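Notes follow the structure.
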């Protein structure tokens with residue numbers, strides 16, 4: 001259903017997925033546009049960010065954040081415009097970054113809003129200059145600690161986070177090898193983003209191709225995927241390698257443990273023998289206070305064209321569930337945003 | 341065979357173990373006592389340290405250090421006395437820390453020797469004031485980063501490393517829970533070393549006992565064991581927990597992966613979800629330059645009786661293989677040294 005005057009479309013969680021989400025798990029509601037109270041603003045969503053972490057919020061397994069409740073609006077970062085303001089710091093027409101979720105309109109008391117200054121394109125606040133870019137920067141710099149001449153391997157290399165990780169690695173002077181799904185993504189990563197190499201995990205023989213692409217082994221692996229990509233990476237890790245664990249999209253729809261043998265002890269032994277550092281992180285919780293440290297260099301790199309980006313823009317809020325389900329299968333190409 | 345005048349007994353690696361080492365893997369040779377050349381000293385071994393890492397050196401699987409060659413003297417740290425010196429910095433009678441290995445006499449060019457000052461007991465240079473104490477200190481302080489009020493769990497709690505880890509944890513103000521093998525070791529850890537609790541992994545129901553002993557979850561787990569101890573720890577880890585991976589003695593004699601399901605992805609997912617930091621380390625390679633930082637406070641704690649220690653002294657070099665094999669099964673009680 002298209003956007004209509006006077007109606008607030010909301011996409012709510014109808015049921016919790018078992019394994020892959022399906023369209024049954026989402027429901028589109030029509031509700032009245034809410035009225036802002038004293039100290040509130042009414043926001044209209046312009047762009048909604050779709051990100052892999054949302055799969056976790058659909059589940060009620062223990063996690064770092066409370067799950068979305070059944071019947072509640074799906075969470076998500078947005079670029080929104082202030083429609084009416086009863087808040088002293090905002091006025092109608094202001095563009096802001098918000099967490100308005102999967103809906104046309106939302107109220108805010110201003111605390112979760114970041115004014116968008118003179119950004120080249122407002123949707124960048126959801127990508128390279130927003131949470132995905134910040135994730136790439138801090139995970140690589142703080143946990144990965146890259147040095148010139150080291151080999152950096154990046155999973156999901158054409159994605160919103162991976163593409164930025166690899167480009168920062170090149171600026172630092174690393175040999176950067178990407179892994180992506182499909183020939184066109186690999187071509188883009190290598191030719192347009194300037195990675196040294198990019199391997200297609202849809203093809204055969206990833207372990208051998210990766211070994212050839214990393215003749216000096218792997219010093220940093222930025223983990224976004226897990227599964228078979230991790231299986232190919234693990235035997236190539238160098239002593240003292242660093243592994244920022246940012247995501248495991250290959251496992252998000254998994255409902256049971258894979259068959260044995262049990263390799264957990266093998267991983268522990270590898271951590272010991274190679275003196276690995278493996279560290280998980282959640283960008284806003286672990287690094288929220290360090291946003292300015294990221295924003296200044298990244299804006300400059302984007303302005304100079306040293307960090308490129310690609311958006312995959314889907315038109316219409318009603319398309320969000322389909323686009324989100326596709327993302328979990330790797331169907332998007334670049335940062336996925338919904339133009340609402 | 342007992343020590344005899346004019347003979348250098350050497351214990352060499354006769355064959356590589358498959359699984360548990362046996363007495364067949366060792367051979368005792370009698371060789372002439374070597375003569376020091378210009379700039380060398382002749383050392384007589386007083387104490388030989390036996391440590392779990394030696395199991396790794398008996399194997400030719402890829403590791404951080406070259407394996408002991410077949411027919412070569414087993415490696416090991418020693419407290420030795422200079423018998424004759426042709427080196428300007430040492431004189432007959434000096435006590436030194438060395439890596440003379442499993443033999444009565446050895447030559448050295450002086451580079452691997454550390455003079456022992458006024459140490460309360462020379463064998464402490466192999467324990468609380470030497471490599472095991474240093475391992476405990478740096479692994480806990482640098483990777484574990486303990487804070488007062490946090491819960492620290494220590495595997496192999498009565499051992500040379502674990503006993504020191506837990507006592508430092510108490511000095512810092514942590515709740516410290518040890519895990520050890522057998523009632524007498526647990527009594528010692530709790531009553532004599534002052535841990536808050538110590539659980540016997542030989543008994544039934546370790547997962548439940550550990551849960552009761554850690555009502556606020558686990559913030560730091562000092563990993564020395566792996567296997568079933570790790571299985572009990574993993575579900576209790578708190579968000580942002582730190583896991584220095586120092587050893588995995590339960591796995592050292594393993595010859596194949598255990599049966600499934602495959603929990604490697606489960607561990608990766610736990611690292612991500614809880615934002616864990618897991619890090620392996622090898623004390624001399626990673627922290628060798630920071631020895632003074634450890635030595636000063638540790639000497640003081642030992643002098644003040646705030647860090648206690650226990651030695652398990654075996655008499656006679658010929659007993660070393662048996663004592664070493666017993667240690668891998670947890671038969672020792674305290675830091676295992678051979679009085680040669």
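Protein chains in written order, with this note's numbering: chain A, 1 to 340; chain B, 341 to 680.
Here a beta-carbon is modelled for each residue, glycine too, at the ideal position from N, C-alpha and C.
Small disclaimer: the values here were computed from a predicted structure and weren't measured.
Flag this pair as yes or no: are the beta carbons of residue i and residue j separated by less than 8 Å?
i: residue 600 of chain B; j: residue 166 of chain A; result: no
i: residue 603 of chain B; j: residue 264 of chain A; result: yes
i: residue 47 of chain A; j: residue 338 of chain A; result: yes
i: residue 463 of chain B; j: residue 380 of chain B; result: no
i: residue 530 of chain B; j: residue 673 of chain B; result: no
i: residue 243 of chain A; j: residue 278 of chain A; result: yes
i: residue 528 of chain B; j: residue 634 of chain B; result: no
i: residue 670 of chain B; j: residue 521 of chain B; result: yes
i: residue 467 of chain B; j: residue 651 of chain B; result: yes
i: residue 80 of chain A; j: residue 45 of chain A; result: yes
i: residue 661 of chain B; j: residue 366 of chain B; result: yes
To the nearest whole angstrom, what separates the beta carbons of residue i and residue j, a pair I think is in contact under 8 Å?
i: residue 508 of chain B; j: residue 480 of chain B; result: 6 Å
i: residue 77 of chain A; j: residue 97 of chain A; result: 7 Å
i: residue 57 of chain A; j: residue 67 of chain A; result: 6 Å
i: residue 597 of chain B; j: residue 266 of chain A; result: 6 Å
i: residue 500 of chain B; j: residue 675 of chain B; result: 4 Å
i: residue 484 of chain B; j: residue 504 of chain B; result: With 8 Å as the limit, residue 484 of chain B and residue 504 of chain B do not qualify as a contact, their Cβ atoms being about 13 Å apart.
i: residue 73 of chain A; j: residue 101 of chain A; result: 4 Å
i: residue 16 of chain A; j: residue 60 of chain A; result: 6 Å
i: residue 353 of chain B; j: residue 446 of chain B; result: About 16 Å; that fails the 8 Å criterion.
i: residue 33 of chain A; j: residue 6 of chain A; result: 6 Å
i: residue 207 of chain A; j: residue 232 of chain A; result: 4 Å
i: residue 247 of chain A; j: residue 612 of chain B; result: 7 Å
Leaving out five residues on either side along the sequence, give the residues of the same chain with a beta carbon under 8 Å from the beta carbon of residue i.
i: residue 3 of chain A; result: 9, 104, 316, 317 and 340
i: residue 666 of chain B; result: 672
i: residue 615 of chain B; result: 579 and 580
i: residue 245 of chain A; result: 223, 278, 279, 280 and 281
i: residue 253 of chain A; result: 17, 19, 20, 21, 55 and 328
i: residue 488 of chain B; result: 512, 513 and 514
Counting only the same chain and skipping the five closest in sequence on each side, list residues whose C-beta sits under 6 Å from that of residue i.
i: residue 434 of chain B; result: 422
i: residue 534 of chain B; result: 510
i: residue 90 of chain A; result: 41 and 82
Residues of chain E with CB closer than 7 Å to the CB of residue i, please, in chain order.
i: residue 621 of chain B; result: Any reference to chain E falls outside this structure, whose protein chains are A and B.
Under 7 Å Cβ to Cβ from residue i, same chain only, skipping five residues before and after it: list those, please.
i: residue 523 of chain B; result: 540
i: residue 567 of chain B; result: 590 and 591
i: residue 459 of chain B; result: 465 and 469
i: residue 157 of chain A; result: 163, 166, 178, 179, 180, 189, 195 and 198
#### Entry: At least three beta-carbon pairs within less than 8 Å, the region 145 to 159 of chain A to the region 214 to 223 of chain A
yes
- Message: Whether or not the region 652 to 661 of chain B and the region 507 to 517 of chain B are in contact is what I'm after, with contact meaning three or more pairs of Cβ atoms, one per stretch, closer than 8 Å; do they touch?
- Response: no
Self-check item: Entirely enclosed beta strand (DSSP E) segments - the region 211 to 276 of chain A, minimum 3 residues
Solution: 218 to 222 and 237 to 245
- Query: Counting Cβ pairs, one atom from each stretch, are 3 or more of them under 8 Å apart for the region 528 to 539 of chain B and the region 232 to 241 of chain A?
  - Reply: no
Next item on the list: Tell me, please, whether the region 410 to 429 of chain B touches the region 615 to 627 of chain B by the rule of three or more beta-carbon pairs shorter than 8 Å.
Entry: no
**Prompt:** Fully enclosed by the region 472 to 547 of chain B, which alpha helix (DSSP H) runs are 4 residues long or longer?
**Reply:** 502 to 512 and 523 to 527
Q. Curious, which full-length beta strand (DSSP E) runs of at least 3 residues does the region 53 to 81 of chain A contain?
A. none
- Task: Output the residue ranges of the alpha helix (DSSP H) runs that lie fully inside the region 421 to 465 of chain B and measure 4 residues or longer, sorted by chain position.
- Result: none
Practice problem: Return the chain-ordered ranges of every alpha helix (DSSP H) run that is complete within the region 651 to 680 of chain B and spans a minimum of 4 residues. | Solution: 660 to 668
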